[in-house]
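One structure is given here, and the rest of the page talks about it.
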Amino acid sequence: MYPFFTPKSLRVAVVLLHLKIRNFATIKEVEVDFGSGFSILTGETGAGKSILIDAIMLLRGDRGRTSLVRSGEDQSEV
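Taking numbering that gives the first Met the number 0, the leading residue of the sequence shown gets 0, the next gets one more, and so forth.
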């Protein structure tokens, strides 16, 4: 991720380029590279779309829950 500044508003925007998740919910380990532009998550029910969104929400400051640590593991990483 890298921040860039918009001169008119002076707000900081963050672009997610790469996401690595380990021992999070049902995910043992996964790495996702996001291309430039707009990314869309698609898949069947149970494919893990909501789990990826939960991981991204942690990156933006949401509170983690112990229930999101993969069963049998001590910690998860995002």
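From the three backbone atoms N, C-alpha and C, an ideal C-beta is built for every residue, glycine too.
Note that the structure is a prediction, hence the values are computed from the model and not measured.
Worksheet item: Can residue 31 and residue 57 be called in contact, C-beta distance under 8 Å?
Response: Walking along the sequence shown from the start, residue 31 turns up at place 32. Walking along the sequence shown from the start, residue 57 turns up at place 58. Not a contact, by the Cβ cut-off of 8 Å.
Worksheet item: What is the C-beta distance between residue 69 and residue 23, in whole angstroms, given that I count them as a contact (C-beta under 8 Å)?
Response: Position 70 of the sequence shown, counted from the first residue, corresponds to residue 69. Position 24 of the sequence shown, counted from the first residue, corresponds to residue 23. Their Cβ separation, rounded to whole angstroms, is 6 Å, which keeps residue 69 and residue 23 in contact under 8 Å.
Discussion item. If I measure Cβ to Cβ from residue 29 and keep anything under 6 Å in the same chain, skipping five residues before and after, which residues do I get?
Written reply: Residue 29 sits at position 30 when you count from the first residue of the sequence shown. Around residue 29: 20.
Discussion item. Out of 26, 71, 13, 43, which one is the CA nearest neighbour of residue 33?
Written reply: Locating residue 33 in the sequence shown gives position 34, counting from the first residue. The closest CA to that of residue 33, considering only 26, 71, 13, 43, is found on 13.
Worksheet item: From 17, 45, 27, pick the residue whose C-alpha is nearest to that of residue 35; which is it?
Response: Taking the first residue of the sequence shown as position 1, residue 35 is located at position 36. Of 17, 45, 27, the residue nearest in Cα terms is 17.
Worksheet item: Under a Cβ-count criterion, where at least 16 other Cβ atoms within 10 Å of its own Cβ denotes burial, should residue 54 be classed as buried or exposed?
Response: Numbered from its first residue, the sequence shown carries residue 54 at position 55. Buried is the call here.
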